[in-house]
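Inspection log for the structure reproduced underneath, given as structure tokens.
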Amino acid sequence: MPSVEVADGARIAYALDGRRDGEPLLLVHGLGADTRGWVMQKRALGRRYRLVMVDNRGVGRSTRPDGPYDLEVMATDALAALDHAGYGSAHVVGASMGGIISQVIAVRHPERVRSLTLACTACRHYSWRKELLSDWADQAQAFGMREYVRRNLEWLVGPRSLRRAWPALAVLGPLAFNVPVGSFVSQIQAILAIEDTLREELTSVAAPTLVLCGSQDVLTTQGDSEEIASLIPDAELAVVRGGAHLFMVEQAGAFNRTVLDFLGQVTSPDRLLATSGAPAAVLG
């Protein structure tokens, strides 16, 4: 797995997959997740695009520097991986915390963004969410990651039975169990430290943008996505009915179709024509 050393000495790992001659698609995942969290997207998105999937600092095969972490720095981490992979710009897809990182990339480095997809994410703090994240950090430190996951499933799967949510939990649960507590806490601290003023800068985003959410996400709600879409000029909003926070795994087929449809509209016509013979798979 390739990696790149960044300014503070951390090494950021990333994985390459998909079509070698496809346009680059930078995938940035959320809190505690690494490249394996895109398992339900790799086949579908990779048939048309070259996937550059980043392990955020502290997780996966990236190094685990001492905190505090900073989402602005994590944005430059992702771009360093993109540079190392040989791409000056890419379509950017960010989920949850990765969606905030992707907002930073789009605002601070607009020339690097061919298009922007923001999934199950937010652009502002609310007191209830800040308190929840702080409590998650406390629980992880006190009880470990396995117990943290057990106590907080309802925030991830929404108001549905665990049986219906099992496909998502079977994929992401074991990954969460193995996240180092220190890295998990440092990532939470980075989320809490990002300024709400970032939302005011979203009006400057010029890249074609898709904002995507699940209708039953109780962590980053449909209202969060509606707000982001209202701030970014000409952003498209798509809501997956019945989807919760892990809808890219639970309802991977709907997620992948929606993202591919959007990317098909913004991919350069000659490149899209060259890859149109390999239709995206529908998963889930």
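Residues 0 to 283 in numbering that gives the first Met the number 0 are what the sequence shown spells out, letter by letter. Ideal Cβ placement from N, Cα and C applies to all residues, glycine included.
C-alpha distance - L230 paired with G172, whole-angstrom precision
Working through the sequence shown from its first residue, we reach residue 230 at position 231. Working through the sequence shown from its first residue, we reach residue 172 at position 173. Rounded to whole angstroms, the separation of the alpha carbons of G172 and L230 is 33 Å.
What are the residues that DSSP puts in a beta bridge with E194?
Translated into positions along the sequence shown, residue 194 becomes position 195. The beta-bridge partner set that DSSP reports for E194 is empty.
Could you check whether the Cβ of A237 sits closer than 6 Å to any heavy atom belonging to the ligand GTP?
The ligand GTP is not part of the structure shown, which contains no ligands of any sort.
In three-state terms, what does DSSP make of D233?
The residue labelled residue 233 in the question sits at position 234 within the sequence shown. In this structure, D233 counts as coil in the three-state DSSP scheme.
Residues of its chain near V124, where Cβ-Cβ distance is below 7 Å and the 5 sequence neighbours each way are ignored:
As a position in the sequence shown, residue 124 is number 125, starting the count at 1. This sequence places His at residue 124; Val is not what is there. D195.
Tell me which residue opens and which closes the alpha helix (DSSP H) that Y147 is part of.
In the sequence shown, counting from the first residue as 1, residue 147 sits at position 148. Counted as a single uninterrupted DSSP element, the alpha helix (DSSP H) harbouring Y147 occupies residues 144-150.
Across the stretch 172-190 and the stretch 204-213, are there enough close Cβ pairs to call them in contact, namely three or more that are closer than 8 Å?
The stretch 172-190 makes no contact with the stretch 204-213, as fewer than three CB pairs between them are under 8 Å.
Length of the line joining the Cα atoms of G31 and T266
Numbered from 1 along the sequence shown, position 32 holds the residue referred to as residue 31. Numbered from 1 along the sequence shown, position 267 holds the residue referred to as residue 266. G31 and T266: Cα-Cα distance of roughly 30 Å.
Can you say whether Q102 is buried or exposed, counting buried as having 16 or more other CB atoms within 10 angstroms of its CB?
Taking the first residue of the sequence shown as 1, we reach residue 102 at position 103. So Q102 ends up on the buried side.
Between the Cα of P67 and the Cα atoms of N255, I190, Q140, which residue gives the shortest distance?
Sequence index remark: in the sequence shown, residue 67 carries index 68 (1-based). Comparing Cα positions, the closest option is I190.
Where A118 sits in the DSSP three-state scheme:
Indexing the sequence shown from 1 puts residue 118 at position 119. It is a strand residue.
Alpha-carbon to alpha-carbon, A243 and C286
Because the chain spans 0 through 283 in this model, residue 286 falls outside it and cannot be assessed.
Can you give me the Cβ contacts of E153 inside the same chain, cut-off strictly under 8 Å, excluding the 5 residues immediately before and after it?
For this step, residue 153 is matched to residue 154 along the sequence shown. If we look at E153 and ignore the five residues flanking it on each side, its Cβ neighbours are V217.
Sequence-distant residues of the same chain with beta carbon closer than 8 Å to A192, five excluded per side:
Your numbering for residue 192 matches position 193 in the sequence shown. Hits under 8 Å: P67, D69, L70.
Counting only the same chain and skipping the five closest in sequence on each side, list residues whose C-beta sits under 6 Å from that of V106.
Translated into positions along the sequence shown, residue 106 becomes position 107. E200.
Is the stretch 58-67 touching the stretch 87-101 in the sense that three or more CB pairs, one from each, lie closer than 8 Å?
Fewer than three beta-carbon pairs drawn from the stretch 87-101 and the stretch 58-67 are found closer than 8 Å, and the two stretches are therefore not classed as touching.
In angstroms with no decimal places, state the Cα-to-Cα distance between R18 and V51.
Taking the first residue of the sequence shown as 1, we reach residue 18 at position 19. Taking the first residue of the sequence shown as 1, we reach residue 51 at position 52. R18 and V51: Cα-Cα distance of roughly 11 Å.
According to the neighbour-count rule (16 or more other Cβ atoms, all chains shown, within 10 Å of its Cβ), is S224 buried or exposed?
On the sequence shown, residue 224 is found 225 positions in, with the first residue counted as 1. With 16 or more neighbouring CB atoms inside 10 Å of its own CB, S224 falls in the buried class.
Under DSSP, the beta strand (DSSP E) around H90 begins and ends at which residues?
The count along the sequence shown starts at 1 and reaches residue 90 at position 91. H90 -> beta strand (DSSP E) spans 89-94.
Can you grab the Cα-Cα spacing for the pair Q138 / Q264, in whole Å?
Locating residue 138 in the sequence shown gives position 139, counting from the first residue. Locating residue 264 in the sequence shown gives position 265, counting from the first residue. As the crow flies, the alpha-carbon of Q138 is around 43 Å from that of Q264.
Identified DSSP bridge partners for T320
Limits of the chain in this structure are 0 at one end and 283 at the other, which puts residue 320 out of reach.
Of the residues A169, F183, I187, V91, which one's Cα is nearest the Cα of K129?
Taking the sequence shown and counting its residues from 1, one reaches residue 129 at position 130. When only C-alpha atoms are compared, the closest one is I187.
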